[in-house]
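**Student:** Quick note: the sequence shown uses this note's numbering, first residue 1099, plus one each step.
Cβ coordinates follow ideal geometry from the N, Cα and C atoms, glycine included.
Since this is a predicted model, take the numbers as computed values, not measurements.
Just dropping this structure here.
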Amino acid sequence: MRAALGLIEAVGLTAAITALDAASKAADIKLVGYEKVIGAGKAVSVTIQIAGEVAAVQASVDAGVAAANRIGRVLSYHVIPRPHEEVDLLIKGFEKNLKSNFSKKNLDKNNSNKDNSKKSSEKAEETKSKNKEEKTKKEEE
């Protein structure tokens, strides 16, 4: 990779998303992962992991930390310029987890939508059937 890895650990999802938004707007970086930790700083923290060119990551982390501190609390942050090749393996693992989490959530969401659609269709058929029965009873009377 020979670029940089930036980490921002914020208390709560709102502060972490705010940090990521500001970091993404500040420079050309890429989200490579995130991690939720329960119990960090006596709260739930979310660490975002970003990568890109050294200057871009530094500017992004600075902007992200400033934005997150305005609405919440940042526990820690750090930029690792030109990480060792072994750290690159860790970054690739972050990316793999990020992709699998998003594809799994999308798959779950799509399956849920299909189930809801099927249930709606079944309810509609049931209602039609009941209406026909009621109409038939009224005509017989």
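Keeping to the same chain, check which residues put their C-beta closer than 7 angstroms to that of PRO1179; ignore five residues upstream and five downstream.
**Tutor:** As a working mapping, residue 1179 is identified with position 81 in the sequence shown. So the list reads ALA1102, VAL1152, once near-sequence residues are dropped.
**Student:** Let me know if VAL1185 comes out buried or exposed under the rule of 16 or more other beta-carbons within 10 Å of its beta-carbon.
**Tutor:** Walking along the sequence shown from the start, residue 1185 turns up at place 87. Label assigned to VAL1185: exposed.
**Student:** Are there 16 or more other CB atoms within 10 angstroms of the CB of LEU1187, so buried, or fewer, so exposed?
**Tutor:** Position 89 of the sequence shown, counting from 1, holds the residue named residue 1187. That one is exposed.
**Student:** With distances taken between CB atoms, is the gap from LEU1129 to GLN1147 smaller than 9 angstroms?
**Tutor:** Numbered from 1 along the sequence shown, position 31 holds the residue referred to as residue 1129. Numbered from 1 along the sequence shown, position 49 holds the residue referred to as residue 1147. A contact, by the Cβ cut-off of 9 angstroms.
**Student:** Report the CB separation of ALA1254 from VAL1109 in whole angstroms; it is logged as a contact under 8 angstroms.
**Tutor:** Residue 1254 cannot be examined here, being either before or after the span of the chain that is shown, 1099 to 1239.
**Student:** Nearest-angstrom Cα distance between ASN1167 and GLU1183?
**Tutor:** Your numbering for residue 1167 matches position 69 in the sequence shown. Your numbering for residue 1183 matches position 85 in the sequence shown. About 32 angstroms.
**Student:** Quick one: what's THR1225 bridged to in DSSP?
**Tutor:** Residue numbering aside, residue 1225 sits at position 127 when the sequence shown is read from its first letter. Beta-bridge pairing links THR1225 to no other residue.
**Student:** Please determine, among ILE1169, ILE1136, GLY1131, the residue with the shortest C-alpha to C-alpha distance to THR1112.
**Tutor:** Position 14 of the sequence shown holds residue 1112. Here the closest residue by C-alpha is ILE1169.
**Student:** Looking only at C-alpha atoms, which of LYS1134, LEU1118, ALA1117, ALA1124 sits nearest to ASN1199?
**Tutor:** Reading the sequence shown from its first residue, position 101 is the one you call residue 1199. Ranking LYS1134, LEU1118, ALA1117, ALA1124 by Cα distance to ASN1199 puts LYS1134 first.
**Student:** Quick check on the DSSP output: the beta strand (DSSP E) that includes GLY1137 runs from which residue to which?
**Tutor:** Mapped onto the sequence shown, residue 1137 falls at position 39. It spans 1127-1138 - the beta strand (DSSP E) in which GLY1137 sits, taken as one unbroken run.
**Student:** Any idea which residues DSSP pairs GLY1104 with across the strands?
**Tutor:** The count along the sequence shown starts at 1 and reaches residue 1104 at position 6. GLY1104 pairs with ILE1148, VAL1177.
**Student:** Classify ILE1127 as buried or exposed, calling it buried when 16 or more other Cβ atoms lie within 10 Å of its own Cβ.
**Tutor:** Taking the sequence shown and counting its residues from 1, one reaches residue 1127 at position 29. Buried.
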